[in-house]
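Okay, so here's the structure we're looking at.
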Amino acid sequence: MTCSDVERVLPELLDGAPDGALPEEVKAHVKSCPACSDLVSDLKLIASEARQLAASEEPAPRVWVRIAAQLRAEGLISDPVTGDPEPAPSRPVFVPVPERTSSGRRWSAWWLAPVAAAVLAAGSYVVTHKPVPQVATQQTPATLGKAAVTATATPSPVPVPAPQQLTRKSAKPAFSKSATAVKSAVEPAPSEEDQQFLSAVSTLAPSMRTTYEIQLQAVNADIRETQAYVDRNPGDMDARQHLMDAYQQKALLYQIALDRIQ
Amino acid sequence: MASLHSASLRQANLRHANFGQYMAVMLVLGAGLASAAFAQTKKEYSFAVGPNANISVDTQYGAISVRPGSSTQVMVTATLKSDKVEVDLQQNGNRIQIASHLLSGADEQTGQVDYEVLIPPDATVSLHSSTGPLSAEHLQGDLTLEGPDAMVNVSNVENGHVHVRTMRGPITLTDVRNGHVEIASISGDVHMQSVSGPLVQVNSGSGKIFYDGDFGSGGDYKFTTHTGDIEAVAPADVSADFSAHSVLGRVHNDFPLQPKQHSRFSFEAGRSFFGTVGKAASEVVLRSFSGRIRLKQR
Chain E
1 MTCSDVERVL PELLDGAPDG ALPEEVKAHV KSCPACSDLV SDLKLIASEA RQLAASEEPA
61 PRVWVRIAAQ LRAEGLISDP VTGDPEPAPS RPVFVPVPER TSSGRRWSAW WLAPVAAAVL
121 AAGSYVVTHK PVPQVATQQT PATLGKAAVT ATATPSPVPV PAPQQLTRKS AKPAFSKSAT
181 AVKSAVEPAP SEEDQQFLSA VSTLAPSMRT TYEIQLQAVN ADIRETQAYV DRNPGDMDAR
241 QHLMDAYQQK ALLYQIALDR IQ
Chain U
263 MASLHSASLR QANLRHANFG QYMAVMLVLG AGLASAAFAQ TKKEYSFAVG PNANISVDTQ
323 YGAISVRPGS STQVMVTATL KSDKVEVDLQ QNGNRIQIAS HLLSGADEQT GQVDYEVLIP
383 PDATVSLHSS TGPLSAEHLQ GDLTLEGPDA MVNVSNVENG HVHVRTMRGP ITLTDVRNGH
443 VEIASISGDV HMQSVSGPLV QVNSGSGKIF YDGDFGSGGD YKFTTHTGDI EAVAPADVSA
503 DFSAHSVLGR VHNDFPLQPK QHSRFSFEAG RSFFGTVGKA ASEVVLRSFS GRIRLKQR
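The listed protein sequences derive, respectively, from chains E and U.
Each residue of the first sequence is one higher than the one before, starting from 1 at the first, in the working numbering.
Each residue of the second sequence is one higher than the one before, starting from 263 at the first, in the working numbering.
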């Protein structure tokens with residue numbers, strides 16, 4: 001019995017099967033192998049947390065309201081102008097801060113810091129709280145892959161199980177309350193915080209807009225690609241770590257922009 | 263015959279006109295260059311410091327080069343490309359802050375300041391430039407180098423932390439010993455030659471990671487990319503515990519690895535390998551999502 005053998009039977013364990021239901025040789029290996037023992041403990045905890053989160057997989061609306069209120073209080077965002085022929089969006093609109101001429105770093109864009117933190121937190125949330133066992137055991141890999149492709153290529157307003165909802169959240173981690181699906185087959189529209197990010201860059205450092213846009217698209221594509229893979233292979237812990245890494249890359253991009261334009 | 267003569271005249275006139283245009287362009291270029299050269303200003307500053315000084319240099323546009331000098335003095339040479347930029351200096355005890363200060367109307371050309379800084383070898387250094395290049399050499403203190411587009415070069419440093427962060431700027435580390443190395447880049451390539459220490463951690467999204475060295479003794483080496491390739495070259499007598507996995511890419515290994523009972527990755531032919539060489543003094547983890555991983559024997 002090797003670590004690989006244990007990993008093959010982990011979905012059964014994660015599905016809530018008691019330890020007693022596992023083959024003796026698996027239990028013996030887990031008992032003798034600290035790495036596998038730690039892995040099993042961690043995955044049990046994740047599965048337990050995920051079950052508790054099933055009813056509230058998205059942060060409460062008040063979270064977004066409080067963030068928006070804070071940004072509005074700082075003058076970094078404003079409510080949309082009424083009388084606009086388009087339906088007024090319910091989300092805040094970014095307003096550039098006037099240029100400071102007395103400093104080499106002329107612009108204030110510190111709002112990117114909480115946004116970057118939110119990106120990272122959202123990534124962490126998606127990676128660590130996704131209810132793996134249900135996906136892993138309710139569908140075969142083949143049907144799971146097909147389902148994931150369908151979910152990503154065809155936007156549908158019909159509610160889908162929690163794992164797919166979490167998948168969508170990964171592409172729109174902040175200010176995203178919509179239930180529209182991620183369109184990973186084509187380039188999706190920038191999320192709200194990405195639009196704010198690019199708006200700030202284009203206003204305050206226009207020469208860098210294209211560069212940051214390209215980098216942002218690349219990072220978002222990495223996140224979507226990895227998320228789709230994780231959806232199809234929920235037990236692949238290394239892929240999950242790569243998903244976390246991809247979110248960290250996005251946070252890094254925001255931080256670099258923050259340093260550049262503040 | 264008449265038409266031939268007329269054609270010759272036209273060609274002569276054309277040559278004359280081209281020459282005139284050429285001279286005009288050259289005059290304009292020359293005047294521009296002379297003006298730029300005239301506007302360029304070189305300023306020198308010096309500060310007295312004690313052991314373990316802390317020095318930061320921050321410029322929006324321009325190169326920063328740091329080298330060892332006197333153990334009790336910091337010497338700064340700043341080359342300002344125009345009068346649209348100033349240099350701010352501040353000393354608080356052992357801490358020195360040097361920053362470019364853009365004035366109204368400054369752009370990437372006129373706002374450029376190049377810095378050459380001589381510092382005590384044991385000083386802690388923080389460098390930031392959007393455009394770079396950034397370089398530090400022959401130092402022993404902690405180094406932090408950051409710049410979105412900056413090319414970063416670190417060479418012949420030891421015993422300090424080396425932290426580098428870029429967006430797409432390429433990063434080169436040469437002869438870094440006993441360092442705590444952390445490198446993060448979105449799309450910049452990372453090239454390491456003879457880099458060793460207790461921790462060498464490199465993360466690049468789409469950039470390539472290249473390592474040529476012996477992986478030291480007793481260190482953790484973690485190289486991660488998303489789409490970029492990873493290539494590591496080590497001598498035959500290396501002593502390391504290797505683990506490599508590419509989720510969607512291919513892996514290749516030249517070393518005869520001794521199998522391990524436990525591994526952080528499940529074995530997948532062509533996509534992962536793991537095992538030890540020698541006494542497994544260091545741990546080496548190579549991870550990529552879709553890049554190719556290659557471990558080569560020198």
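C-beta atoms are modelled at their ideal positions from N, C-alpha and C, and glycine is treated no differently.
Distance from the CA of Ile448/U to the CA of Ala28/E, rounded to the nearest whole angstrom, comes to 43 Å. Among the bridge pairs identified by DSSP, Glu306/U is matched with Thr339/U.
The closest CA to that of Val311/U, considering only Phe527/U, Gly355/U, Asp503/U, is found on Gly355/U. As summarised for the region 307-385 of chain U, there are no continuous alpha helix (DSSP H) elements at least 4 residues long confined to that stretch. Residue state for Leu548/U is assigned as strand, using DSSP reduced to three classes.
Cβ neighbours of Gly532/U within its own chain (closer than 6 Å, five residues either side excluded): Arg512. The three-state reading of DSSP puts Asp231/E in helix, counting H, G and I together. Looking at Ala368/U, Ala542/U, Ser534/U, the one whose alpha-carbon comes closest to that of Gly478/U is Ala542/U. For Val219/E, the residues of chain U that pass the 8 Å Cβ criterion are Ile448, Gly467, in the order they occur in the chain. DSSP, reduced to helix, strand and coil, places Arg533/U outside both helices and strands of the structure shown, so it counts as coil. Not a single C-beta of chain U is nearer than 8 Å to the C-beta of Tyr254/E.
Burial is judged here by how many other beta carbons sit within 10 angstroms of a residue's own beta carbon; Asn314/U has fewer than 16 and is exposed. Spanning the alpha carbons of Phe529/U and Phe536/U requires a straight line of approximately 8 Å.
In this structure, DSSP gives Ala494/U an extended state, which the three-state scheme calls strand. Taking a beta-carbon distance threshold of 8 Å, Val509/U counts as an interface residue toward chain E. Ala35/E and His524/U have their C-alpha atoms spaced approximately 8 Å apart. One Cα belongs to Val40/E, the other to Ala446/U, and the distance between them is close to 31 Å. Going by DSSP, His29/E is part of the alpha helix (DSSP H) stretching over 24-32. Scanning chain E for C-beta atoms nearer than 9 Å to the C-beta of Glu408/U yields Ile256, Asp259, reported in chain order. With a beta-carbon spacing of about 12 Å, Gly469/U and Met454/U fall beyond the 8 Å limit used to define contacts. In terms of Cβ geometry, Val443/U and Gln463/U form a close pair [threshold 8 Å]. In the DSSP assignment, His507/U falls within the beta strand (DSSP E) that extends over 502-508.
Within its own chain, the residues whose Cβ lies closer than 6 Å to the Cβ of Asn440/U, once the five positions on either side in sequence are excluded, are Glu420, Asn421, Gly459, listed in chain order. A direct Cα-to-Cα measurement between Met208/E and Ala228/E gives close to 30 Å. Going by DSSP, Leu401/U is part of no beta strand (DSSP E) at all; its letter is neither H nor E. Residue-level contact by beta carbon fails for Ser505/U and chain E, as no gap is shorter than 8 Å.
Neighbourhood of Thr226/E in chain U, by CB distance below 7 Å: Phe551, in chain order. Within the model, the alpha-carbon separation for Ser508/U versus Ser534/U is close to 6 Å. Only residues of its own chain outside the window of five on either side were considered, and among them Ala361, His390 have a CB closer than 6 Å to the CB of Asp320/U, listed in chain order. A distance below 7 Å between beta-carbons, with the five flanking residues on each side excluded, links Leu510/U to the following residues of its chain, in chain order: Phe551, Ser552.
Its chain contains Pro383, Asp384, Val419, Glu420, Asn421, Gly422 as the residues whose beta carbon lies nearer than 8 Å to that of Gln402/U, once the 5 sequence neighbours on both sides are disregarded; these appear in chain order.
Val452/U and Leu351/U have their C-alpha atoms some 32 Å from each other. With a cutoff of 8 Å on beta-carbon distance, Gly450/U and Val375/U are scored as not near each other.
Here Arg439/U carries a strand assignment [DSSP, helix/strand/coil]. The continuous beta strand (DSSP E) containing Ser466/U extends over residues 461-466.
Rounded to the nearest whole angstrom, the C-alpha separation of Val426/U and Glu25/E is 47 Å.
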